[in-house]
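Asker: The C-terminal position of the sequence shown is numbered 743 in our numbering, with every residue numbered one higher than the one before it.
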Amino acid sequence: MTSSFSNLSLAEPLARAVAEMGYESMTPIQAQAIPVVLTGKDVMGAAQTGTGKTAAFSLPLLQRLLKHENSSTSPARHPVRALVLLPTRELADQVAQQVALYAKYTKLRSTVVFGGMDMKPQTLELKKGVEVLVATPGRLLDHIEAKNAVLNQVEYVVLDEADRMLDIGFLPDLQRILSYLPKQRTTLLFSATFSPEIKRLAGSYLQDPITIEVARPNETASTVEQHFYSASDDDKRRAIHQVLKSRGIKQAFIFVNSKLGCARLARSLEREGLKTTALHGDKSQDERLKALDAFKQGAVDLLVCTDVAARGLDIKDVPAVFNFDVPFNAEDYVHRIGRTGRAGASGLAVTLVSGSDARLVADIEKLLKKKIEIEALEYDEDRPRGRINDGRRHWRDAEGAEPGQGDARSERPARAPRSPSRHAPTAPRDPFFDQPYETPADAPKPSWEAAERPSTGRVSPNIKPKRKVAALFKAQDPVA
Ligand code: AMP
Numbered sequence: 264m265t266s267s268f269s270n271l272s273l274a275e276p277l278a279r280a281v282a283e284m285g286y287e288s289m290t291p292i293q294a295q296a297i298p299v300v301l302t303g304k305d306v307m308g309a310a311q312t313g314t315g316k317t318a319a320f321s322l323p324l325l326q327r328l329l330k331h332e333n334s335s336t337s338p339a340r341h342p343v344r345a346l347v348l349l350p351t352r353e354l355a356d357q358v359a360q361q362v363a364l365y366a367k368y369t370k371l372r373s374t375v376v377f378g379g380m381d382m383k384p385q386t387l388e389l390k391k392g393v394e395v396l397v398a399t400p401g402r403l404l405d406h407i408e409a410k411n412a413v414l415n416q417v418e419y420v421v422l423d424e425a426d427r428m429l430d431i432g433f434l435p436d437l438q439r440i441l442s443y444l445p446k447q448r449t450t451l452l453f454s455a456t457f458s459p460e461i462k463r464l465a466g467s468y469l470q471d472p473i474t475i476e477v478a479r480p481n482e483t484a485s486t487v488e489q490h491f492y493s494a495s496d497d498d499k500r501r502a503i504h505q506v507l508k509s510r511g512i513k514q515a516f517i518f519v520n521s522k523l524g525c526a527r528l529a530r531s532l533e534r535e536g537l538k539t540t541a542l543h544g545d546k547s548q549d550e551r552l553k554a555l556d557a558f559k560q561g562a563v564d565l566l567v568c569t570d571v572a573a574r575g576l577d578i579k580d581v582p583a584v585f586n587f588d589v590p591f592n593a594e595d596y597v598h599r600i601g602r603t604g605r606a607g608a609s610g611l612a613v614t615l616v617s618g619s620d621a622r623l624v625a626d627i628e629k630l631l632k633k634k635i636e637i638e639a640l641e642y643d644e645d646r647p648r649g650r651i652n653d654g655r656r657h658w659r660d661a662e663g664a665e666p667g668q669g670d671a672r673s674e675r676p677a678r679a680p681r682s683p684s685r686h687a688p689t690a691p692r693d694p695f696f697d698q699p700y701e702t703p704a705d706a707p708k709p710s711w712e713a714a715e716r717p718s719t720g721r722v723s724p725n726i727k728p729k730r731k732v733a734a735l736f737k738a739q740d741p742v743a
């Protein structure tokens, strides 16, 4: 069901901002959630990033906050009235940007705080007073402790991507933050799935919530055309060239399973003439934002990324997603291909399947509950195949799939690849890659997710064992 924003009787400044965004009609989550949030009721929404859920909660919240709008310069006249919590910096940044766009013709102020950045500029913004505060939990607690953020006038709280916040182990931080808020408030919880943990969280913090579910968990967008092509490790880059060319695709995300593979694949593709950048956990926050920006501006055509680094990225209209590696966890397949075909646009998802991927593909089949056909890809010109001379001593796999070593840097350590023959030894070994990966002693402060990891308390008993392992691993080997 879609309908027009004009049915909502949004206040003129908000309607004008929406019109400027060029949205023609509401997405299903917007059509269902906006009228409910406008009534002030609690909402439990099952919707993934890419469904338009940011507008679904921010537009009605802004509308309800308009009664507080004022042009006073006194910070006291601009207390935090709405708090939006998200698991990662990029998500927080994206949501804050959208909120600012929707609020641009109002006098309501908004800002964002997240870790890994200097606290001072954030403190200055907070001290000036903001009605809408978008934050990641760890950094928000820092600001609360420093008395930069006072939350006793919060009327609305949004727990966005709540499942991921629990996955990361943010439950204790969330509980602390929620304890600072007035009991009388509206709480909105959005999650890709309604797991038992999410239901427990909702049971504790939401009052008679209205449940809104627009896409069943793990359902892949029907606008995404999915193909699984058989390709040996040596043929995978050639397959990417072929699909890009035959489909006339301008930009794409390419997913790999390891940080090492990510950097090396990006280098190889770049050398082959494709404007490519890598996004993985060893990149600094600044480098990531630059990479994202370059992709958004069209200065870069291919973004090679790992699952953790790409989580929740909202880049509109990515025409295609490639799974250079079949993901170890079938759920990641759904997350990955969710980057394309968003908000009604059509998209292409291509998964390159090598001989040893059968079990991983079977897992995806099971999750999607449909048969996957592995197709043969026709090549119409000779392209560089697997091994390239990288200008150093040895010839080796361009993809970084140095036999058995790529996974040492895997960003998803919870499950190992199931087939030992996944990367059959084919090239001379470089001793560097025979060493287990270790974070250098002088490594810069933990990567961002580690910095945002809950600073206090134990990992929640609500978190599944698999997630616990992932959380613990992240503590030692911080990744994106
Ligand atoms: P979100 O799920 O909130 O991350 O939104 C995903 C993307 O969809 C964002 O880039 C929005 O700008 C865009 N979007 C949100 N609402 C609409 C709409 N009604 N029509 C088209 N695009 C939208």
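Glycine included, every Cβ here is placed at the ideal spot set by N, Cα and C.
So does G610 have its beta carbon nearer than 8 Å to some heavy atom of the ligand AMP?
Answerer: Not under cutoff, so the answer is no.
Asker: Tell me the residue span of the beta strand (DSSP E) that contains G308.
Answerer: That run of the beta strand (DSSP E) goes 306 to 309.
Asker: Based on the DSSP output, what are the partners of S454 in its beta bridges?
Answerer: The partner list for S454 (beta bridge, DSSP) reads A309.
Asker: Kindly examine the ligand AMP and report whether one of its heavy atoms sits closer than 8 Å to the Cβ of G544.
Answerer: No, the beta carbon of G544 sits no closer than 8 Å to any heavy atom of the ligand AMP.
Asker: Please report the straight-line C-alpha distance between S334 and V421, rounded to a whole angstrom.
Answerer: The alpha-carbon atoms of S334 and V421 are separated by roughly 25 Å.
Asker: Check whether the Cβ of K632 lies closer than 8 Å to any heavy atom of the ligand AMP, and answer yes or no.
Answerer: Checking every heavy atom of the ligand AMP against the Cβ of K632, none is found closer than 8 Å.
Asker: Would you say the beta carbon of K462 comes nearer than 8 Å to a heavy atom of the ligand AMP?
Answerer: No, the beta carbon of K462 sits no closer than 8 Å to any heavy atom of the ligand AMP.
Asker: Please state whether DSSP places A572 in a helix, a strand or coil.
Answerer: In the structure shown, A572 sits in a helix (DSSP, three-state: H, G or I).
Asker: Does DSSP put N586 in a helix, a strand or coil?
Answerer: If DSSP states are grouped into helix, strand and coil, N586 belongs with the strands.
Asker: My assumption, with CB atoms under 8 Å, is that G303 sits in contact with R327. Please give the rounded CB distance.
Answerer: Correct: roughly 7 Å between the Cβ atoms.
Asker: Starting from the Cα of K538, find the closest Cα among C525, K513, Y286 and give me that residue.
Answerer: Nearest C-alpha to K538: K513.
Asker: So L325 and I297 are in contact, right, with Cβ under 8 Å, and what is the actual spacing, rounded?
Answerer: Not quite, the Cβ-Cβ distance comes to about 11 Å (not below 8 Å), so this is no contact.
Asker: Per DSSP, what are the beta-bridge partners of G610 in this structure?
Answerer: Its beta-bridge partners are V487.
Asker: The ligand AMP and E287: does the residue's C-beta get closer than 8 Å to at least one heavy atom of that ligand?
Answerer: The answer is yes for E287.
Asker: For Q295, count neighbouring Cβ atoms within 10 angstroms of its own Cβ and tell me buried if that reaches 16, exposed if not.
Answerer: Its Cβ being crowded by 16 or more others within 10 Å, Q295 is buried.
Asker: What separation, rounded to the nearest whole angstrom, lies between the Cα atoms of Y642 and V519?
Answerer: So the two alpha carbons sit approximately 22 Å from each other.
Asker: Do V376 and R402 have their C-beta atoms within less than 9 Å of each other?
Answerer: Yes, the pair counts as a contact, with Cβ atoms nearer than the cut-off.
Asker: With a Cβ-Cβ cutoff of 9 Å, do L555 and L542 count as a contact?
Answerer: Yes, they are a contact pair.
Asker: A562: which of R340, P459, A515 sits nearest, CA to CA?
Answerer: The residue with the shortest Cα to Cα distance from A562 is A515.
Asker: Roughly how many angstroms separate the alpha carbons of Y286 and S269, rounded to a whole number?
Answerer: If you take the alpha carbons of Y286 and S269, they lie about 11 Å apart.
Asker: Work out the CA separation of V487 and L640 for me, nearest whole Å.
Answerer: So the two alpha carbons sit approximately 19 Å from each other.
Asker: Report the start-end ranges of each beta strand (DSSP E) in the region 279 to 349 that is 3 residues or longer and not cut off at the edges.
Answerer: Within the region 279 to 349, the complete beta strand (DSSP E) runs of at least 3 residues are 306 to 309, 345 to 348.
Asker: If you measure between the beta carbons of N592 and D564, is that distance less than 9 Å?
Answerer: No, the Cβ-Cβ distance between N592 and D564 is not below 9 Å.
Asker: What are the boundary residues of the alpha helix (DSSP H) that Y468 is part of?
Answerer: From DSSP, the alpha helix (DSSP H) with Y468 extends over 459 to 468.
Asker: Less than 9 Å between the C-beta atoms of I517 and C568, yes or no?
Answerer: Yes.
Asker: Just how far apart, CA to CA, sit V413 and I407?
Answerer: Straight-line Cα distance between these residues: approximately 7 Å.
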